[in-house]
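J.: Quick one: this structure, given as structure tokens, is what I'll be asking you about.
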Amino acid sequence: MIRLEQVSKTFNAGTPSEVKALQNIQLNIAPQTYLVLLGANGSGKSTLLNAIAGSFRVDKGEIWIDNQDVTSLKDFQRSPWIARIFQNPLSGTAPDLSVIDNFRLAALRTRPKGLRIGVNAAFKAQVKEKIALLGMGLENKIEQAMGTLSGGQRQALTLMMAVMDETKILLMDEPTAALDPRSAETLMQKADEIIRTFQLTAILVTHHLKDAHRFGNRVIQMEQGQVLRDLDATAKSALHLSDLFGWFE
Ligand SMILES: Nc1ncnc2c1ncn2[C@@H]1O[C@H](COP(=O)(O)OP(=O)(O)O)[C@@H](O)[C@H]1O
Ligand SMILES: [Mg+2]
-7 MIRLEQVSKT
3 FNAGTPSEVK
13 ALQNIQLNIA
23 PQTYLVLLGA
33 NGSGKSTLLN
43 AIAGSFRVDK
53 GEIWIDNQDV
63 TSLKDFQRSP
73 WIARIFQNPL
83 SGTAPDLSVI
93 DNFRLAALRT
103 RPKGLRIGVN
113 AAFKAQVKEK
123 IALLGMGLEN
133 KIEQAMGTLS
143 GGQRQALTLM
153 MAVMDETKIL
163 LMDEPTAALD
173 PRSAETLMQK
183 ADEIIRTFQL
193 TAILVTHHLK
203 DAHRFGNRVI
213 QMEQGQVLRD
223 LDATAKSALH
233 LSDLFGWFE
């Protein structure tokens, strides 16, 4: 589903603050992989997600999505495949707009220019149906401004926006970092359910080793822009939580 061929990215090249954020990354992520990405701060996790999403052009190498070379495609051109959830519940949604209008914007994002989506009854019903899958009662709040909802509620809605348009890839960069423990737990559970139900290929960046242990079917640890460890489903399920803690000693 996602393939990186010898991908490198250096920031501030040739200056004293030069950082080799990604160094010859070779990675093949099969469809329906739920990959957990671990690594110390600055190891290149976010840069890896940004490279996949097309936030910048990589210096070297190729990125393939769904058997298509997307290396030279900009982020909005890759958006039909990719949905993202960020650390900050505010990024990715418009706080002043209603929930339904946010979904409308998200739908427009992946459709060809010129195509219009009205907030008509059919679209509303479709959105309500999707939101109801969260089981959080948010389907009754679709006229409310996004900014009036809690961080956890907003992250959950962002998750549902991701699956509205049959997006196949979900990139989550520390999605629970700004949430209280209970909302974080709910979001992680819902994400897991939705990844399975919609057969998504997902990458989760997290510092919570307990989440890394119980979720996903592959785990990678990055260090200084390189893949230090890469465990498949079998190896991951044999892993104890204490092993994971050992990776960071
Ligand atoms: N836009 C940028 N400009 C300059 N340096 C950057 C930029 N983005 C990331 N870096 C640097 O690249 C390295 C990897 O960063 P990042 O991928 O954000 O790490 P992580 O997400 O694992 O904490 C860090 O040293 C960071 O300071
Ligand atoms: Mg990061």
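Anchor point for the sequence shown: position 17 equals 9 in our numbering, and the numbering is continuous, going up by one each time.
Cβ atoms here follow ideal geometry from the backbone N, Cα and C, with glycine treated the same way.
1. In angstroms, rounded to a whole number, what distance separates the CA positions of isoleucine 44 and threonine 159?
2. Who sits around ligand 2, taking every residue whose Cβ is closer than 7 Å to one of its heavy atoms?
3. In three-state DSSP terms, what is serine 71?
4. Quick one: is glycine 84 buried, meaning 16 or more other Cβ sit within 10 Å of its Cβ, or exposed?
5. For my contact list, alanine 13 and glycine 46 are in at a C-beta cut-off of 8 Å; report their separation, rounded to the angstrom.
6. Could you please give the first and the last residue of the uninterrupted alpha helix (DSSP H) stretch that includes alanine 86?
7. Taking the alpha-carbon positions, what's the asparagine 112 to serine 175 distance?
8. With DSSP run on the structure shown, which of helix, strand or coil describes glutamate 135?
9. Given a threshold of 16 other Cβ atoms within 10 Å of its Cβ, counted over all protein chains shown, does asparagine 94 qualify as buried or as exposed?
10. With a cut-off of 8 Å, do at least 3 Cβ pairs link the region 186 to 206 to the region 154 to 168?
11. Could you check how far apart the C-beta atoms of glutamine 18 and leucine -4 are, in whole angstroms? I think they sit under 8 Å.
12. Is glycine 31 a contact residue of ligand 1, with contact defined as CB to any heavy atom under 7 Å?
13. Is the separation between the beta-carbon of alanine 137 and that of aspartate 88 shorter than 8 Å?
14. Could you pull out every unbroken beta strand (DSSP E) segment of at least 3 residues lying fully inside the region 202 to 231, listed in chain order?
15. Less than 8 Å between the CB atoms is what I'm expecting for phenylalanine 207 and valine 28, so what's the real figure, rounded?
16. Tell me where the beta strand (DSSP E) around threonine 2 begins and ends.
17. Shorter than 8 Å from the beta carbon of glutamine 191 to some beta carbon of chain C?
18. Name the two residues that bound the continuous beta strand (DSSP E) containing leucine 19.
19. Any contact between the region 52 to 65 and the region -5 to 11? By contact I mean 3 or more CB pairs, one from each, below 8 Å.
20. Does the beta-carbon of threonine 39 have 16 or more other beta-carbons within 10 angstroms, so that it is buried, or is it exposed?
21. Using a Cβ-Cβ cutoff of less than 6 Å, which residues in the same chain neighbour valine 62 once the five nearest sequence positions on both sides are dropped?
22. Straight-line CA distance for lysine 133 to asparagine 4?
T.: Taking the structure as given:
1. 14 Å
2. Lys37, Ser38, Asp165, Glu166 and Val197
3. coil
4. Around the CB of glycine 84, 16 or more other CB atoms lie within 10 Å, so the residue is classed as buried.
5. With 8 Å as the limit, alanine 13 and glycine 46 do not qualify as a contact, their Cβ atoms being about 15 Å apart.
6. Here alanine 86 belongs to no alpha helix (DSSP H), and DSSP marks it neither H nor E.
7. 31 Å
8. coil
9. buried
10. Pairwise C-beta distances place the region 186 to 206 in contact with the region 154 to 168, as three or more of them are shorter than 8 Å.
11. 7 Å
12. yes
13. yes
14. 210 to 215 and 218 to 223
15. 6 Å
16. -6 to 3
17. Looking at the structure shown, chain C is missing, and only one protein chain is on hand.
18. 11 to 21
19. Judged by pairs of C-beta atoms under 8 Å, the region 52 to 65 touches the region -5 to 11, as three or more such pairs exist.
20. Its Cβ being crowded by 16 or more others within 10 Å, threonine 39 is buried.
21. Ile55 and Arg70
22. 45 Å
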